[in-house]
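A short worksheet on the structure shown next.
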Amino acid sequence: MNKWIKNLLFILIIISIYNLFEGCSINSNETKEIKIGITLYKQEDPFISFVAEAIEECAKEKEIKGNYKITVNIVDAKGNLTTQNNQVDKFISQDYDVICVNIVDRTAASTIINKAKDADIPLIFFNREPVEEDMQLWNKVYYVGADAEESGRLQGEIFVDEYKNNKSFIDKNGDGKIQYVMLEGEPEHQDSLIRTDCCIKTIVNNDIEVEKLADDTANWQNAQAYEKMTQWINEFGNNIEVVFSNNDDMALGAIHALENANIDIKNRPIVIGIDGIPDALYQIKDGNMTGTVYNDYKSQGKAILDIAYSLAMFGNTDYLTNITNENYVKTSYKKITKENVDDYIKKLK
Ligand code: GAL
Ligand code: CA
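Each residue of the sequence shown is one higher than the last, beginning at 1 in full-length UniProt numbering.
Pasting the structure below:
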């Protein structure tokens, strides 16, 4: 073979191998578009809005690095399962590569899974975990979230540490027992009951006596928590020593109620949340909140985008190492108190 042709062939082979690894088409001018559809159970839920933001940021970063366009279309189901089903139908009819679902009703995932399976479009559920049976309906169904038990345990540990250091401040009536109220998330959410249970168990296992004054759902919501807390302040006055909340947004509602009731900071119960959203970090910094448990929305957003990208590009997730055999990714929680809150505030900028 002519030497010139040989050289040309060699160069062509190198270019094809390079393109294969880059995941691009041979024609480098042709931009591949990846379409990711995301439906949120409720966009106004602050924690969920941070997960969505994290997904968008990761998509932008990936787009800058590669030769492809990543379209992330986020829609809001506003707490309505029928709306959400219609949104999924639309993504399917528009031939999206991957659909991500923050499902309104976690017990009703099978309808969505069967539709996606028929259209062969992979699904990534996140934050609201479908029941195991449904997860097993198809091997292209993934779940990204975190382990509720861990968050409850860490919330309990924050309390235990604080109590050991500040017994007389926390146990205001000095009876050796902790009078508490518990603000709970939606009753049917996998996180609510488990967080409540694990938090209290951790405290009791540390030989601290507790007395529950009240517990009730405020459905993760600030405004509902404000109402509940106002009611409890009227009912129990200064007898409340601790407010545990299944999430930060409700903890912030409780703080608002305490402020509104004009209870002096020295006489207020301590408040501990879960999530680590920015407003809660600032309340910890200001001394109005004792602590929270970081629910790593940035890593969750990244995991969702990585899975979606990998499925769209390669049709599998083989090179991702953080996924279990059953297609789960669970990020770990971290404690945040006044000792380390600055590290988290710094990361916001
Ligand atoms: C929880 C989170 C809550 C709320 C809920 C929605 O994991 O802690 O703040 O966002 O998810 O499903
Ligand atoms: Ca007490």
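The beta carbon of each residue, even a glycine, is placed where N, CA and C say it ideally should be.
Nothing here was measured: the structure is a model prediction, and the numbers come from that model.
Taking residue i as part of the alpha helix (DSSP H), name the residues at either end of that continuous run.
i	result
residue 115	109-119
residue 152	148-165
residue 172	Neither: residue 172 is in no alpha helix (DSSP H) and is coded neither H nor E.
residue 129	It is not in any alpha helix (DSSP H) - residue 129 carries neither H nor E in the DSSP assignment.
residue 140	Segment: none, residue 140 is in no alpha helix (DSSP H) and carries neither H nor E.
residue 343	341-348
residue 87	81-93
residue 44	Neither: residue 44 is in no alpha helix (DSSP H) and is coded neither H nor E.
Which one of the options has the shortest CA to CA distance from residue i?
i	options	result
residue 368	312, 44, 322 and 341	In this structure the chain extends from 1 to 349, so residue 368 is not present and cannot be described.
residue 145	212, 324 and 219	324
residue 267	292, 233 and 295	233
residue 138	51, 153, 122 and 87	122
residue 287	62, 337, 205 and 112	337
residue 276	89, 225 and 333	333
residue 222	34, 299 and 46	46
residue 302	329, 205 and 181	329
residue 270	299, 239 and 298	239
residue 265	176, 273 and 283	283
residue 181	199, 165, 133 and 191	199
residue 73	50, 65, 100 and 80	100
residue 95	176, 115 and 76	115
residue 166	87, 294, 102 and 290	290
residue 67	106, 83 and 31	31
residue 305	83, 246, 52 and 75	52
residue 292	150, 215, 230 and 299	150
residue 133	147, 119 and 107	107
residue 274	263, 252 and 259	252
Can you tell me where the beta strand (DSSP E) holding residue i begins and where it ends?
i	result
residue 32	32-40
residue 73	68-76
Please classify residue i as buried or exposed, where buried requires at least 16 other C-beta atoms within 10 Å of its C-beta.
i	result
residue 130	buried
residue 257	buried
residue 315	exposed
residue 228	buried
residue 341	buried
residue 136	exposed
residue 204	exposed
residue 173	exposed
residue 126	buried
residue 319	exposed
residue 93	exposed
residue 154	buried
residue 244	buried
residue 186	buried
residue 262	exposed
residue 40	buried
Tell me residue i's beta-bridge partners as DSSP assigns them.
i	result
residue 100	38 and 124
residue 336	292
residue 145	330
For a cutoff of 9 angstroms on Cβ pairs, would you count residue i as touching chain C?
i	result
residue 312	In the displayed structure, chain C is absent; only one protein chain is listed.
* **Residue ranges of each alpha helix (DSSP H) within the stretch 256-334, 4 or longer** => 278-285 and 297-314
* Asked: In chain order, which beta strand (DSSP E) runs of at least 3 residues are fully inside the stretch 181-261?
  -> 209-217 and 242-245
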